[in-house]
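> Quick note, the sequence shown lines up with residues 458 to 740 if you use our numbering. Just so you know, even glycine gets a beta-carbon here, dropped at the ideal spot from N, CA and C. Since we're looking at a predicted model, the values are computed, not measured.
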Amino acid sequence: MLEKVLVANRGEVAVRVIRALRALGVASVAVYSEPDAGAPHARLADEAHPIGRGPAAESYLDGRALVDLALRTGCDAVHPGYGFLSENAAFAERCAAAGLVFVGPAPDAIEAMGSKTRARELVARLGIPVVPGSAGAVGSARYAREAADEIGYPVAVKAAGGGGGMGFRVAADGDELEAALDAVREEGARLFGDPAVYLERYFEDPRHVEVQVLADGGGGIVHLGERDCTVQRRHQKLVEEAPAPTVGAGLRARLGEQAVRIARSIGYASAGTIEGLLVGDDF
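What follows is the structure in C-alpha coordinates.
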(Lines of atoms letter the chains of each structure in order from A and count residues from 1; the text may use other names and numbers.)
(Lines give C-alpha, C1' and ligand atoms only; values in the text may rest on other atoms or scores of the structure.)
Protein backbone atom coordinates (compact mmCIF):
# COMPACT_ATOMS: atom_id res chain seq x y z
CA MET A 1 0.00 0.00 0.00
CA LEU A 2 1.26 3.46 -0.86
CA GLU A 3 2.01 5.73 2.10
CA LYS A 4 2.76 9.13 0.58
CA VAL A 5 2.04 10.43 -2.92
CA LEU A 6 3.19 13.54 -4.71
CA VAL A 7 0.35 14.97 -6.82
CA ALA A 8 1.97 16.39 -9.96
CA ASN A 9 -0.90 18.61 -11.02
CA ARG A 10 -2.96 21.61 -9.99
CA GLY A 11 -6.53 22.90 -9.61
CA GLU A 12 -9.55 20.62 -9.66
CA VAL A 13 -7.54 17.67 -10.96
CA ALA A 14 -5.19 17.81 -7.98
CA VAL A 15 -8.08 18.37 -5.54
CA ARG A 16 -9.83 15.20 -6.70
CA VAL A 17 -6.66 13.14 -6.35
CA ILE A 18 -5.90 14.57 -2.89
CA ARG A 19 -9.42 13.81 -1.68
CA ALA A 20 -9.16 10.25 -2.97
CA LEU A 21 -5.82 9.79 -1.22
CA ARG A 22 -7.26 11.13 2.02
CA ALA A 23 -10.17 8.68 1.80
CA LEU A 24 -7.62 5.87 1.43
CA GLY A 25 -5.54 7.09 4.36
CA VAL A 26 -2.60 8.02 2.13
CA ALA A 27 -0.62 11.21 2.75
CA SER A 28 -0.52 13.75 -0.08
CA VAL A 29 2.09 16.25 -1.22
CA ALA A 30 0.92 19.10 -3.45
CA VAL A 31 3.06 21.23 -5.72
CA TYR A 32 2.34 24.78 -6.77
CA SER A 33 3.75 27.43 -9.05
CA GLU A 34 4.21 30.97 -7.77
CA PRO A 35 0.73 32.17 -8.89
CA ASP A 36 -0.86 29.06 -7.31
CA ALA A 37 0.64 29.56 -3.86
CA GLY A 38 -2.79 30.03 -2.26
CA ALA A 39 -4.74 27.67 -4.55
CA PRO A 40 -7.24 25.18 -3.04
CA HIS A 41 -5.16 22.13 -3.96
CA ALA A 42 -2.16 23.55 -2.11
CA ARG A 43 -4.25 24.20 1.01
CA LEU A 44 -5.99 20.82 0.95
CA ALA A 45 -2.92 18.55 0.81
CA ASP A 46 -1.02 17.31 3.84
CA GLU A 47 2.05 19.13 2.51
CA ALA A 48 2.53 21.71 -0.23
CA HIS A 49 5.79 22.83 -1.81
CA PRO A 50 6.73 25.40 -4.49
CA ILE A 51 7.78 23.86 -7.80
CA GLY A 52 8.70 26.87 -9.91
CA ARG A 53 7.58 30.07 -11.57
CA GLY A 54 4.29 30.73 -13.33
CA PRO A 55 4.73 29.14 -16.77
CA ALA A 56 3.92 25.41 -16.79
CA ALA A 57 7.19 24.67 -18.57
CA GLU A 58 9.00 26.03 -15.49
CA SER A 59 6.79 24.30 -12.93
CA TYR A 60 4.22 21.58 -13.60
CA LEU A 61 6.07 20.31 -16.68
CA ASP A 62 9.47 20.15 -14.97
CA GLY A 63 9.76 16.39 -14.57
CA ARG A 64 13.20 16.50 -12.98
CA ALA A 65 12.10 18.96 -10.28
CA LEU A 66 8.94 16.94 -9.55
CA VAL A 67 10.87 13.69 -9.06
CA ASP A 68 13.51 15.42 -6.93
CA LEU A 69 10.79 16.89 -4.71
CA ALA A 70 9.03 13.53 -4.39
CA LEU A 71 12.27 11.97 -3.16
CA ARG A 72 13.06 14.83 -0.76
CA THR A 73 9.62 14.64 0.83
CA GLY A 74 9.71 10.86 1.28
CA CYS A 75 7.06 9.98 -1.29
CA ASP A 76 6.83 6.48 -2.67
CA ALA A 77 4.66 7.41 -5.66
CA VAL A 78 3.75 10.19 -8.06
CA HIS A 79 0.18 10.73 -9.32
CA PRO A 80 0.14 12.88 -12.48
CA GLY A 81 -3.64 13.39 -12.71
CA TYR A 82 -4.48 14.21 -16.32
CA GLY A 83 -2.95 16.73 -18.67
CA PHE A 84 0.56 18.04 -18.02
CA LEU A 85 2.89 14.99 -17.68
CA SER A 86 0.23 12.30 -17.32
CA GLU A 87 0.86 11.00 -20.85
CA ASN A 88 4.59 11.64 -20.95
CA ALA A 89 6.54 8.38 -21.25
CA ALA A 90 9.85 10.02 -20.34
CA PHE A 91 8.39 11.25 -17.06
CA ALA A 92 7.02 7.80 -16.22
CA GLU A 93 10.47 6.35 -16.93
CA ARG A 94 12.11 9.01 -14.76
CA CYS A 95 9.80 8.08 -11.86
CA ALA A 96 10.57 4.38 -12.25
CA ALA A 97 14.32 5.02 -12.40
CA ALA A 98 14.07 6.93 -9.11
CA GLY A 99 12.23 4.03 -7.46
CA LEU A 100 8.89 5.85 -7.44
CA VAL A 101 5.59 4.29 -8.43
CA PHE A 102 4.04 6.15 -11.35
CA VAL A 103 0.28 5.99 -10.82
CA GLY A 104 -0.69 5.21 -14.39
CA PRO A 105 0.27 3.03 -17.34
CA ALA A 106 3.74 1.73 -18.10
CA PRO A 107 6.02 3.97 -20.21
CA ASP A 108 5.73 1.78 -23.32
CA ALA A 109 1.94 1.97 -23.20
CA ILE A 110 2.11 5.74 -22.82
CA GLU A 111 4.52 5.86 -25.74
CA ALA A 112 2.02 3.93 -27.86
CA MET A 113 -1.13 5.86 -26.92
CA GLY A 114 0.00 9.13 -25.33
CA SER A 115 0.54 10.75 -28.72
CA LYS A 116 -2.80 10.99 -30.50
CA THR A 117 -1.13 10.60 -33.90
CA ARG A 118 0.54 7.33 -32.87
CA ALA A 119 -2.69 6.15 -31.26
CA ARG A 120 -4.59 6.76 -34.50
CA GLU A 121 -2.01 4.75 -36.45
CA LEU A 122 -2.13 1.85 -33.99
CA VAL A 123 -5.92 1.66 -33.94
CA ALA A 124 -6.13 1.88 -37.73
CA ARG A 125 -3.69 -1.04 -38.05
CA LEU A 126 -6.06 -3.10 -35.91
CA GLY A 127 -8.79 -2.49 -38.47
CA ILE A 128 -10.83 -0.32 -36.12
CA PRO A 129 -12.40 2.81 -37.67
CA VAL A 130 -10.86 6.19 -36.84
CA VAL A 131 -12.07 9.70 -37.59
CA PRO A 132 -10.75 10.85 -41.00
CA GLY A 133 -7.66 12.94 -40.43
CA SER A 134 -4.11 13.81 -41.38
CA ALA A 135 -1.46 11.12 -41.77
CA GLY A 136 0.48 12.02 -38.64
CA ALA A 137 1.40 15.47 -37.40
CA VAL A 138 1.20 18.42 -39.76
CA GLY A 139 4.25 20.66 -40.11
CA SER A 140 3.95 23.59 -42.47
CA ALA A 141 0.81 25.63 -43.00
CA ARG A 142 0.91 24.58 -46.66
CA TYR A 143 0.80 20.88 -45.76
CA ALA A 144 -1.98 21.58 -43.26
CA ARG A 145 -4.06 23.31 -45.95
CA GLU A 146 -3.55 20.40 -48.33
CA ALA A 147 -4.55 17.91 -45.63
CA ALA A 148 -7.59 19.98 -44.64
CA ASP A 149 -8.76 20.20 -48.26
CA GLU A 150 -8.56 16.41 -48.49
CA ILE A 151 -10.29 15.80 -45.14
CA GLY A 152 -12.98 18.42 -45.74
CA TYR A 153 -13.95 21.43 -43.64
CA PRO A 154 -14.62 22.08 -40.86
CA VAL A 155 -11.51 20.50 -39.36
CA ALA A 156 -10.46 20.07 -35.76
CA VAL A 157 -6.89 21.13 -35.05
CA LYS A 158 -5.62 19.06 -32.11
CA ALA A 159 -2.47 18.85 -30.01
CA ALA A 160 -0.82 15.46 -30.53
CA GLY A 161 -0.01 15.27 -26.82
CA GLY A 162 -3.28 16.83 -25.70
CA GLY A 163 -6.06 15.55 -23.50
CA GLY A 164 -8.85 16.66 -21.22
CA GLY A 165 -10.36 18.88 -23.90
CA MET A 166 -7.24 21.07 -24.04
CA GLY A 167 -5.27 21.80 -27.20
CA PHE A 168 -8.29 21.91 -29.50
CA ARG A 169 -9.48 24.44 -32.08
CA VAL A 170 -11.95 24.27 -34.96
CA ALA A 171 -11.25 25.85 -38.36
CA ALA A 172 -14.34 26.39 -40.50
CA ASP A 173 -12.30 27.17 -43.60
CA GLY A 174 -8.80 27.85 -44.85
CA ASP A 175 -8.86 31.43 -43.58
CA GLU A 176 -9.18 30.20 -39.99
CA LEU A 177 -6.75 27.31 -40.28
CA GLU A 178 -3.42 29.07 -39.79
CA ALA A 179 -4.57 30.91 -36.66
CA ALA A 180 -5.89 27.63 -35.23
CA LEU A 181 -2.57 25.92 -35.97
CA ASP A 182 -0.61 28.62 -34.17
CA ALA A 183 -2.93 28.58 -31.16
CA VAL A 184 -2.88 24.80 -30.74
CA ARG A 185 0.90 24.56 -31.20
CA GLU A 186 1.32 27.14 -28.44
CA GLU A 187 -1.11 25.31 -26.14
CA GLY A 188 0.52 21.96 -26.86
CA ALA A 189 3.98 23.27 -26.00
CA ARG A 190 2.75 25.13 -22.92
CA LEU A 191 0.44 22.48 -21.47
CA PHE A 192 1.97 19.21 -22.62
CA GLY A 193 5.53 20.01 -23.65
CA ASP A 194 4.75 18.95 -27.23
CA PRO A 195 3.96 21.46 -30.02
CA ALA A 196 2.99 18.79 -32.61
CA VAL A 197 -0.53 19.10 -34.03
CA TYR A 198 -2.70 17.03 -36.33
CA LEU A 199 -6.03 17.44 -38.10
CA GLU A 200 -9.30 15.53 -37.90
CA ARG A 201 -12.64 15.98 -39.59
CA TYR A 202 -14.85 18.00 -37.25
CA PHE A 203 -18.38 16.63 -36.85
CA GLU A 204 -20.96 19.19 -35.84
CA ASP A 205 -23.21 17.02 -33.65
CA PRO A 206 -21.72 13.62 -32.80
CA ARG A 207 -22.28 11.54 -29.69
CA HIS A 208 -19.15 11.23 -27.55
CA VAL A 209 -19.06 7.60 -26.42
CA GLU A 210 -16.20 6.01 -24.49
CA VAL A 211 -15.41 2.64 -22.95
CA GLN A 212 -13.61 2.13 -19.63
CA VAL A 213 -11.06 -0.68 -19.45
CA LEU A 214 -9.20 -2.23 -16.52
CA ALA A 215 -6.02 -4.25 -17.05
CA ASP A 216 -4.06 -6.06 -14.34
CA GLY A 217 -0.73 -6.20 -16.18
CA GLY A 218 -0.83 -9.99 -16.27
CA GLY A 219 -3.00 -10.39 -19.34
CA GLY A 220 -6.35 -9.89 -17.66
CA ILE A 221 -8.31 -7.10 -19.34
CA VAL A 222 -12.00 -6.29 -18.93
CA HIS A 223 -14.21 -3.45 -20.02
CA LEU A 224 -16.85 -1.85 -17.82
CA GLY A 225 -19.23 -0.92 -20.59
CA GLU A 226 -19.68 2.37 -22.37
CA ARG A 227 -20.81 5.81 -21.30
CA ASP A 228 -22.10 8.83 -23.19
CA CYS A 229 -20.18 12.05 -22.48
CA THR A 230 -21.78 14.26 -25.11
CA VAL A 231 -22.96 17.00 -22.72
CA GLN A 232 -19.90 19.25 -22.58
CA ARG A 233 -18.90 22.87 -22.21
CA ARG A 234 -15.70 24.09 -23.90
CA HIS A 235 -14.81 20.47 -24.67
CA GLN A 236 -15.01 19.60 -20.95
CA LYS A 237 -17.43 16.84 -19.94
CA LEU A 238 -20.31 17.88 -17.71
CA VAL A 239 -22.46 14.74 -17.66
CA GLU A 240 -21.54 11.08 -18.17
CA GLU A 241 -24.44 8.66 -18.69
CA ALA A 242 -24.05 4.89 -18.54
CA PRO A 243 -25.12 2.88 -20.36
CA ALA A 244 -25.15 5.21 -23.38
CA PRO A 245 -28.81 5.72 -24.33
CA THR A 246 -28.18 5.64 -28.09
CA VAL A 247 -26.05 2.48 -28.15
CA GLY A 248 -27.83 -0.76 -28.99
CA ALA A 249 -26.83 -4.26 -27.92
CA GLY A 250 -24.88 -5.08 -31.07
CA LEU A 251 -22.83 -1.89 -31.05
CA ARG A 252 -22.30 -2.19 -27.28
CA ALA A 253 -20.71 -5.61 -27.71
CA ARG A 254 -18.57 -4.39 -30.61
CA LEU A 255 -17.32 -1.34 -28.71
CA GLY A 256 -16.36 -3.44 -25.71
CA GLU A 257 -14.51 -5.98 -27.83
CA GLN A 258 -12.62 -3.26 -29.68
CA ALA A 259 -11.63 -1.49 -26.45
CA VAL A 260 -10.20 -4.70 -24.97
CA ARG A 261 -8.38 -5.46 -28.23
CA ILE A 262 -6.75 -2.02 -28.28
CA ALA A 263 -5.63 -2.35 -24.65
CA ARG A 264 -4.25 -5.85 -25.23
CA SER A 265 -2.32 -4.75 -28.34
CA ILE A 266 -0.12 -2.44 -26.24
CA GLY A 267 0.14 -4.60 -23.13
CA TYR A 268 -1.86 -2.07 -21.15
CA ALA A 269 -1.97 -2.09 -17.34
CA SER A 270 -4.05 0.22 -15.12
CA ALA A 271 -7.37 1.93 -15.79
CA GLY A 272 -7.90 3.54 -19.17
CA THR A 273 -10.48 4.97 -21.51
CA ILE A 274 -10.99 4.34 -25.21
CA GLU A 275 -12.84 7.33 -26.62
CA GLY A 276 -14.84 7.62 -29.81
CA LEU A 277 -17.40 9.58 -31.77
CA LEU A 278 -20.74 8.14 -32.78
CA VAL A 279 -22.01 9.78 -35.96
CA GLY A 280 -25.38 9.20 -37.64
CA ASP A 281 -28.57 7.49 -36.56
CA ASP A 282 -27.76 3.81 -37.20
CA PHE A 283 -26.95 2.76 -33.64
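Quick one: give me the first and last residue of the alpha helix (DSSP H) that His498 is part of.
For the purposes of this step, residue 498 is taken as the residue at position 41 of the sequence shown. Looking at the DSSP string, the run of the alpha helix (DSSP H) that includes His498 is Pro497 to Leu501.
> Given this structure, state the Cα-to-Cα distance separating Ala417 from Ala566, to the nearest angstrom.
Here the chain has residues from 458 to 740 only, and residue 417 is not among them.
> Give the range of the alpha helix (DSSP H) segment to which Tyr600 is assigned.
In the sequence shown, counting from the first residue as 1, residue 600 sits at position 143. It spans Ala598 to Ile608 - the alpha helix (DSSP H) in which Tyr600 sits, taken as one unbroken run.
> If we ignore side chains and look at the alpha-carbon of each, how far apart do Pro507 and Pro497 end up?
Taking the sequence shown and counting its residues from 1, the one referred to as residue 507 is at position 50. Taking the sequence shown and counting its residues from 1, the one referred to as residue 497 is at position 40. Between Pro507 and Pro497, the C-alpha separation is close to 14 Å.
> Quick one: any contact between the stretch 716–734 and the stretch 669–689, if contact means 3 or more CB pairs under 8 Å?
Touching, yes.
> Taking 7 Å as the limit between beta carbons, can you name the residues of its chain near Leu583, skipping five residues before and five after?
Translated into the one-based positions of the sequence shown, residue 583 becomes position 126. Excluding residues within five positions, the ones whose Cβ falls inside 7 Å are Arg718, Ile719 and Ser722.
> Please go through the same chain and pick out, in chain order, the residues whose beta-carbon is closer than 8 Å to the beta-carbon of Ala629, but skip the five residues on each side of it.
Working through the sequence shown from its first residue, we reach residue 629 at position 172. The residues are Tyr610 and Pro611.
> Measure the beta-carbon distance from Ala527 to Leu557 and round it to whole angstroms, keeping in mind my assumption that it falls under 8 Å.
The sequence position of residue 527 within the sequence shown is 70, counting from 1. The sequence position of residue 557 within the sequence shown is 100, counting from 1. Their Cβ separation, rounded to whole angstroms, is 6 Å, which keeps Ala527 and Leu557 in contact under 8 Å.
> Need the endpoints of the beta strand (DSSP E) that Ala616 sits in, please.
For the purposes of this step, residue 616 is identified with residue 159 of the sequence shown, where counting begins at 1. Element bounds for Ala616: Val612 to Gly620.
> Rank Gly531, Val524, Asp662 and Asn545 by C-alpha distance to the C-alpha of Glu504 and give the top, closest one.
Taking the first residue of the sequence shown as 1, we reach residue 504 at position 47. When only C-alpha atoms are compared, the closest one is Gly531.
> Go to Phe625, then tell me how far its beta strand (DSSP E) extends in each direction, as first and last residue.
Along the sequence shown, read from residue 1 onward, the residue named residue 625 stands at position 168. Here the beta strand (DSSP E) through Phe625 covers Met623 to Ala628.
> Quick check: Ala594 and Val654, are their CB atoms within less than 8 Å of each other?
Locating residue 594 in the sequence shown gives position 137, counting from the first residue. Locating residue 654 in the sequence shown gives position 197, counting from the first residue. Contact flag set, yes.
> Does the pairing of the stretch 483–492 with the stretch 510–519 give three or more beta-carbon distances under 8 Å?
Taking 8 Å as the limit for Cβ pairs, the verdict is that the stretch 510–519 does touch the stretch 483–492.
> Between the stretch 610–625 and the stretch 643–660, can you find at least three pairs of beta-carbon atoms closer than 8 Å?
Segments in contact, yes.
> I'd like to confirm the pairing. Which residues does DSSP put opposite Ser727 in its beta bridges?
By one-based count along the sequence shown, residue 727 stands at place 270. Bridge partners of Ser727: Ala672.
> At the level of alpha carbons, what is the spacing between Gly705 and Arg711?
Here residue 705 corresponds to residue number 248 of the sequence shown, with the count starting at 1. Here residue 711 corresponds to residue number 254 of the sequence shown, with the count starting at 1. So the alpha carbons of these two residues sit roughly 10 Å apart.
> Name the two residues that bound the continuous beta strand (DSSP E) containing Leu518.
Locating residue 518 in the sequence shown gives position 61, where the first residue counts as 1. It is not in any beta strand (DSSP E) - Leu518 carries neither H nor E in the DSSP assignment.
> If we count the other Cβ atoms within 10 Å of its Cβ and call it buried at 16 or more, is Leu695 buried or exposed?
Position 238 of the sequence shown holds residue 695. So Leu695 counts as exposed.
> Residues in the same chain with beta-carbon distance under 6 Å from Leu681, minus the five sequence neighbours each way, listed in chain order, please.
As a position in the sequence shown, residue 681 is number 224, starting the count at 1. Counting only Cβ-Cβ distances below 6 Å, and skipping sequence neighbours, we find Gln669.
> Thinking Ala484 and Glu460 are a contact (beta carbons under 8 Å), I'd like their distance in whole angstroms, please.
As a first step, residue 484 is located in the sequence shown; it is residue number 27 there, counting from the start. As a first step, residue 460 is located in the sequence shown; it is residue number 3 there, counting from the start. Their Cβ separation, rounded to whole angstroms, is 6 Å, which keeps Ala484 and Glu460 in contact under 8 Å.
> Using a Cβ-Cβ cut-off of 6 Å (strictly less than) and excluding sequence neighbours within five positions of Val679, which residues of its own chain qualify?
Position 222 of the sequence shown holds residue 679. If we look at Val679 and ignore the five residues flanking it on each side, its Cβ neighbours are Leu671.
> Find the nearest neighbour of Gln693 within the set Arg510, Ala549, Asp525 and Gly624, judged by alpha-carbon distance.
Reading the sequence shown from its first residue, position 236 is the one you call residue 693. It is Gly624.
> Starting from Arg691, follow the alpha helix (DSSP H) in both directions and report where the run begins and ends.
Position 234 of the sequence shown, counted from the first residue, corresponds to residue 691. Premise fails: Arg691 is in no alpha helix (DSSP H) and is neither H nor E.
> Please report how far the alpha carbon of Leu501 lies from the alpha carbon of Gly621, in whole angstroms.
As a position in the sequence shown, residue 501 is number 44, starting the count at 1. As a position in the sequence shown, residue 621 is number 164, starting the count at 1. Answer to the nearest angstrom: the Cα atoms are 23 Å apart.
> Taking the alpha-carbon positions, what's the Pro700 to Arg510 distance?
Here the question's residue 700 lines up with position 243 in the sequence shown. Here the question's residue 510 lines up with position 53 in the sequence shown. Taking the straight line from one Cα to the other gives about 43 Å.
> Once the 5 residues before and after Ala637 are set aside, which same chain residues still bring their CB inside 6 Å of it?
Here the question's residue 637 lines up with position 180 in the sequence shown. Here the set comprises Val614, Arg626 and Ala628.
> Using 10 angstroms around the beta-carbon of Gly495, count the other beta-carbons present and answer buried if the total reaches 16, otherwise exposed.
The residue labelled residue 495 in the question sits at position 38 within the sequence shown. Label assigned to Gly495: exposed.
> Within the same chain, show all residues whose beta-carbon is closer than 8 Å to that of Gly713, passing over the 5 residues directly before and after it, in chain order.
As a working note, residue 713 is residue 256 in the sequence shown. Within the same chain, Gly713 has close Cβ partners Val668, His680, Gly682 and Glu683.
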